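S.K.: Note that this note's numbering has the sequence shown beginning at 478, numbered continuously upward. Where is the CB? At the ideal position from N, CA and C, for every residue including glycine. Quantities reported herein were computed from a predicted structural model and do not represent experimental measurements.
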Amino acid sequence: MAKYGSSIKDGLIISILGLYSYSNCVAEGGVVENIRINGAENISDNAILSVMKSKMGFVYEDDTLSQDEKNIRNLGFFKDVKVVGVKREDHSNEIVVQVTEFPLVRSYQVDGVTAFSKDEIEEIIGQYEVLGNVLNLTVLANLKREITEFYVKNHLLADVLIDLPREPKSSDELDLNIKVSEKKVGSIDLNGLSSTKPELIRKIIKTKENELFNYKTFDIDRRKLLETRWFETVEPKLSPDREDPNKINLSYHFKESHVMNLAAGAHFPSSSRILGTLSYGTTNLFGTGQQLNVSLSQDSKVTGFSGSLDYSNPYLGSNSDTLTMSLFSKVDPYSFSASYGNKSTGINDESFKIRKNGFVFGYLKNIFEDWSISARYKLEDQSNVKTDQIDVDSITQDGITQSINIGISRDTTDVKEFPTEGTRFSLSVEPGYSKLSAVSGIAHMTEFGPKIGEPFNYCQFRFEGSAYFSRKLDVTKEPLDTLKPVFALKVGGGRNFGEVPFSKQFFVGGTHSLRGYPSHRFWGNNMYVASAEYRYPVMNNLYLFGFTDSGYAWGGYPGTDQYDQNQKSKFTFGYGLGAALRTPMGTVSVSLGFDKEGNWDYYPSLGFGF
């Protein structure tokens, strides 16, 4: 009980001391009896009172008046604010707030916007309800910031200036002039080039002098230059133009790498033969971006010599059209191979080889920014490679085939090797002519395929599309080269009309179509493929990915003892995991795929599957 009595006593003492202190303050400074506001016509008194520290009934303090004046100015509605205290004879106090409002905004005009429609900018302005209201400097500052951020989010740069007329047309109304100064590209300097022609670099990059500076395009340009494999490093820099504040100068410093490759070797595909290889290639011939590759191989057994000469120039003319040519004599194993994961399948490795001699000539023309058309002529003479083993299940047809492929495509991806956004689509038609001189195996059965010595025509249709999705970076907080997961989709299909030689059928299975199954597992005159991949970066150059594939080919030549075929479509799928490593020589990936029965195989590849 004594304890509680002591607490009550202490509380009374504190209360008495508090009342005593308050009475002393009142006696010294007085109490605020009234706050009078003058000059506020469109802004309510409550809006002003709400930001003042001085309150009616509170002790009057001179020190708070300057803070009140600052708080009222920060409202943004007034071009002049004065807060003064008036002391009365009875020691009470009155605070007088004298304000001068800005005029009402009658209209506004937006100048300098070329990257967007004025409607897009006016939509931002409309959110701040500027028209018909008192001019507010705080609102104008926020408006200026939001227009600037709108440009940044769209990968552009701009200065925003809002002009206030010095002498409004009337005392209570004014017109705003919102000036947008969009940043353009000044000079583009290229440093460190010794082999590569500067004009080639200017063709590759989409950033051009005197055009709007887009720093996403600027970053994609850097990635495209690295993707050529001509350079060890590409270091871009930005600097303001000293003569024109609305321009940004660009400079690149390159460190070139070796672009010529000479390789020789030998390996043992099987215990009974040796395969020797020799190759030479360059991806930047004479510093012009032309590509040349010579590949030779010699087999110690009956398959013999193979060779090819391949040339392409992907930077022809002002639009960077592409010319391709190839001359070849090679053996195609139609790899119905053994060594299929944990299940041995396939025709013997020596029993199903075809030699193909011929040449290809193609031209691709860029017609719009993302669209192109192409034409390709191919002449091929193929013959069955005789081996020690005779397999009646082989499907070979000797003879000459000619075809012309005409296509149209669109590519909106950011980069070709590892796209993170955009789409690709291609559609082609390929009429062809063939005349056979000999057949063997199943192809000799009279009810299948064209006859010996009789010319025949066919036509092949094919389409393929892919799309890439990734989260949008917050460019105000994250650098453009931030690694991000990518979700990739691909669909494709095709159909043949007429009598088609076996080699011109569609083949499904393996690395680029249906993982989990052997290469060329399904064949036919009809085909579909679909794939989905989720690619996740685990470090700067290493990606892990999961995938699922579906595909089938049907309605063609009959099956073999090892590979059954079907005249109708079936749903077939595979799935698995993989890893891709981005190296200076390109992206190398390997996939572990499973078929629907649980059999597995692995698939090394250059680049991703699509």
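Leaving out five residues on either side along the sequence, give the residues of the same chain with a beta carbon under 8 Å from the beta carbon of E894.
M.R.: E704, G1063, T1064 and G1084
S.K.: Just curious, the beta strand (DSSP E) that V616 is in, first and last residue?
M.R.: Counting along the chain, V616 falls outside any beta strand (DSSP E), though it belongs to the alpha helix (DSSP H) covering L614 to K630.
S.K.: Would you give the residue range spanned by the beta strand (DSSP E) that L950 belongs to?
M.R.: Careful: L950 lies outside any beta strand (DSSP E) and carries neither H nor E.
S.K.: Nearest by alpha-carbon distance to N661: which of P722, K714, F845 and N519 is it?
M.R.: Residue identity differs from the one stated: residue 661 is Lys in this sequence, not Asn. When only C-alpha atoms are compared, the closest one is P722.
S.K.: Might you give, ordered along the chain, the residues of its own chain that have their beta carbon closer than 6 Å to the beta carbon of S860, omitting 5 neighbours on each side?
M.R.: R832 and D875
S.K.: For K559, write down the residues that DSSP places opposite it in a beta bridge.
M.R.: Under the DSSP definition of a beta bridge, K559 partners with Q575.
S.K.: Under the rule that 16 or more other beta-carbon atoms within 10 Å means buried, what is R1012, buried or exposed?
M.R.: buried
S.K.: Can you give me the Cβ contacts of L755 inside the same chain, cut-off strictly under 6 Å, excluding the 5 residues immediately before and after it?
M.R.: A741 and L773
S.K.: Give the secondary structure of L703 by DSSP, where H, G and I count as helix, E and B as strand, and everything else as coil.
M.R.: helix
S.K.: Taking 7 Å as the limit between beta carbons, can you name the residues of its chain near L715, skipping five residues before and five after?
M.R.: I725 and L727
S.K.: Spatial neighbours of F964 within its chain, please: C-beta separation below 6 Å, excluding the five flanking residues on both sides.
M.R.: Excluding residues up to 5 positions away in sequence, F946 and Y1011 lie with their Cβ nearer than 6 Å to the Cβ of F964 in the same chain.
S.K.: Out of E709, K683 and K685, which has the shortest C-alpha to C-alpha gap to L1090?
M.R.: Since the displayed the chain opens at 478 and closes at 1087, residue 1090 lies outside it and no answer follows.
S.K.: Give the range of the alpha helix (DSSP H) segment to which L526 is assigned.
M.R.: D522 to L526
S.K.: According to DSSP, is G986 helix, strand or coil?
M.R.: coil
S.K.: Could you check what DSSP says for P896 in three-state terms: helix, strand or coil?
M.R.: coil
S.K.: With DSSP run on the structure shown, which of helix, strand or coil describes N548?
M.R.: Reduced to three states, the DSSP call for N548 is helix.
S.K.: Measure from the alpha carbon of R992 to the alpha carbon of each residue in L966, G1053 and A592, then state which is nearest.
M.R.: G1053
S.K.: Looking at the structure shown, is F763 part of a helix, part of a strand, or coil, going by DSSP?
M.R.: coil
S.K.: Grab me the residues of N843's own chain with a C-beta within less than 8 Å of its C-beta, minus the 5 sequence neighbours each way, in chain order.
M.R.: N796, S797, D798 and S849
S.K.: Suppose you measure from the CA of L841 to the CA of I881; what does that come to, to the nearest Å?
M.R.: Each residue's alpha carbon lies about 13 Å from the other.
S.K.: Apply the 10 Å Cβ neighbour rule to F435 and answer buried if 16 or more other Cβ atoms are within range, or exposed otherwise.
M.R.: With the chain covering 478 to 1087 only, the question about residue 435 has no answer from this structure.
S.K.: Taking the alpha carbon of N551 as the reference point, which residue from V563, V536, W1000 and N619 has its own alpha carbon closest?
M.R.: N619
S.K.: Identify whether P962 lies in helix, strand or coil by the three-state DSSP scheme.
M.R.: coil
S.K.: Taking three-plus beta-carbon pairs below 8 Å as touching, is the stretch 538 to 551 in contact with the stretch 592 to 609?
M.R.: No, the stretch 538 to 551 is not in contact with the stretch 592 to 609.
S.K.: Drop a sphere of 10 angstroms on the beta-carbon of D1072, count the other beta-carbons inside from all chains shown, and report buried for 16 or more, exposed for fewer.
M.R.: buried
S.K.: Quick one: what does DSSP say K1073 is sitting in, helix, strand or coil?
M.R.: coil
S.K.: With distances taken from CA atoms, which of T878, F845 and S806 is nearest V862?
M.R.: S806
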